[in-house]
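Working notes for the structure below.
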Amino acid sequence: MNENQLVTALKHQVPAALQELVDTYGDRLLRSAFSLCGDEAEAEDIVQDTFLEAIRSIHRFQGRSTIHTWLHAIMLNLVRRHHRGRKRMVYNDALMDREVSPSEEGPGRSDAEMAAAALAEALRRLSEAHREVIVLHYYEEMKIHEIASQLGLSKGTVKSRLHYAIGDLQKLLPGELNLFGVGDTEEMQKQ
Amino acid sequence: MNCRSFQNELYEYVEGSLSADAQAAAERHLAGCSACRHAVRQEQVLAQAVSSRLRLHAKTLALRPEIRNRILAAGQVKTPPPVLETLRGLWDRFFRLAAIPACLMVIVALLLAGHFPVLRTGGTKTASLMGSAQPDTVSMQVSYRVPAYQFHREGAQVIDSLSEETIAVSGVFYADGKRPAIPNPERKKPL
């Protein structure tokens, strides 16, 4: 079933269409939601709500974007709603200055896994606005204009947020887990 | 193109979303600018590092069967067709708001009906009180008080005094529609 057929079947409430929608996009949305909120259980709730909202509003889908982009936009709104509903997390300077230690990540992990976990932890400490652009650009591989459209921002604002978000990530990650590697970071600092 | 304008379009250059003309201008600038070539390499390394680490961290995540089944079960509930949903939306947006003043108007009308005797059906009330059939006549008596000034001369001065006078009117209304017999008002002495 291609996208158009899938949308048509969903509009006619064909049960097999919903199964295909969930099987095709469920895992991908879950991983994206997890990257955005940092909590697996919360990500599952968000994905479930995303599909239910999609079913309710499928008749409004005009096909101007891909199904994934449409689902992702719904999910992003739900992530924001979840975050507003939760007790607000405090990001202060002391927290920002504190590096994510590899030892916190537990023994028995490969370097790559530790680096990935450290990045995820650092990402969790970013502000929601910075986390969104990082995930959309580097995980979802959306282009700048697509992110601008998705978030309702100008391209300049998206690029500015990306720039500062990367700077904050660099501060949170220790040297050995730095995103550029030690040599490049020193070169950057010299410049 | 100078370094500043290239840096403004660095993200678009790396993701390959520049127009053909802008891409050519960027290539010409890069050919002679080692600093911007370095910035491009850094962005490419960064994108690779963030993307691979985020994917590695979330790669084991998959939608659990119970979550999938819950979504499918919820999706089996038939959602209302768009027309019904539109009507429900109209009710939510407008009619529900209009219902509040309508209820208030009904309450006010009921209060007025209870407050002003003219809105009551006197015959019915009398009948219910007397426990008999509707009477042929209904007697009504209205009394009201009006201010009355009196003046008298005392030597060279005119003295006024204020008093109240009660005027009572009574009449009989006939069930067959005859005009009520209203006698001349009966005036009582000033108090």
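From first to last, the protein sequence lines are chains A and B.
Numbering follows our numbering, in which position 11 of the first sequence is assigned residue number 11; successive positions increment by one, without gaps.
Numbering follows our numbering, in which position 174 of the second sequence is assigned residue number 174; successive positions increment by one, without gaps.
Note that CB positions come from ideal geometry on N, CA and C, so glycine has one too.
query                                                                                                                                                                     : result
Could you tell me whether the Cβ atoms of residue 32 of chain A and residue 140 of chain A are closer together than 8 Å?                                                  : yes
Going along the chain, which residues of its own chain have a beta-carbon closer than 8 Å to the beta-carbon of residue 80 of chain A, five neighbours each way excluded? : 128
Mind checking which residues open and close the beta strand (DSSP E) that includes residue 160 of chain B?                                                                : 157-174
So, helix, strand or coil for residue 51 of chain A, using DSSP?                                                                                                          : helix
Please state whether the Cβ-Cβ distance between residue 135 of chain A and residue 148 of chain A is less than 8 Å.                                                       : no
Taking Cβ-Cβ distances below 8 Å as the criterion, which residues of the region 10-21 of chain A are in contact with chain B?                                             : 13, 15, 18, 19
Taking just the CA atoms, how far does residue 27 of chain A sit from residue 69 of chain B?                                                                              : 14 Å
Using 8 Å for Cβ pairs, my map puts residue 72 of chain B next to residue 14 of chain A. What's the rounded Cβ distance?                                                  : Not really, about 12 Å apart at Cβ, beyond 8 Å.
Residues in the region 50-64 of chain B with C-beta within 9 Å of chain A's C-beta atoms, listed in sequence order?                                                       : 50, 51, 52, 53, 54, 55, 56, 57, 58, 59, 61, 62, 63, 64
Short check: CB of residue 47 of chain B to CB of residue 34 of chain A, under 8 Å?                                                                                       : no
Would residue 52 of chain A count as contacting chain B if we go by Cβ distances under 8 Å?                                                                               : yes
Quick one: residues in its chain with C-beta nearer than 8 Å to the C-beta of residue 51 of chain B, no 5 flanking neighbours on either side, listed in chain order?      : none
Answer yes or no: does any C-beta atom of chain B fall closer than 8 Å to that of residue 6 of chain A?                                                                   : no
Check whether the region 111-118 of chain A and the region 35-47 of chain A are in contact - that is, three or more C-beta pairs closer than 8 Å.                         : no
Would a check of beta-carbon distances place residue 127 of chain B closer than 8 Å to chain A?                                                                           : Per-residue confidence for residue 127 of chain B stands at a pLDDT of 44, beneath the threshold of 50, marking its modelled position as unreliable; the derived number appears in the next sentence. Residue 127 of chain B does not count as touching chain A.
Are the CB atoms of residue 119 of chain A and residue 168 of chain A within a distance shorter than 8 Å?                                                                 : no
Would you please verify whether the beta carbon of residue 13 of chain B is less than 8 Å from any beta carbon of chain A?                                                : no
Among residues of its own chain, excluding the 5 on either side of residue 25 of chain A, which ones have a beta-carbon nearer than 8 Å to its beta-carbon?               : 67, 68, 71
Going straight from the alpha carbon of residue 171 of chain B to that of residue 100 of chain B, what length do you get?                                                 : 42 Å
Which residues in chain B have a C-beta closer than 7 Å to the C-beta of residue 138 of chain A? List them in chain order.                                                : 47, 50, 51, 54
Counting only the same chain and skipping the five closest in sequence on each side, list residues whose C-beta sits under 7 Å from that of residue 162 of chain B.       : 147, 149
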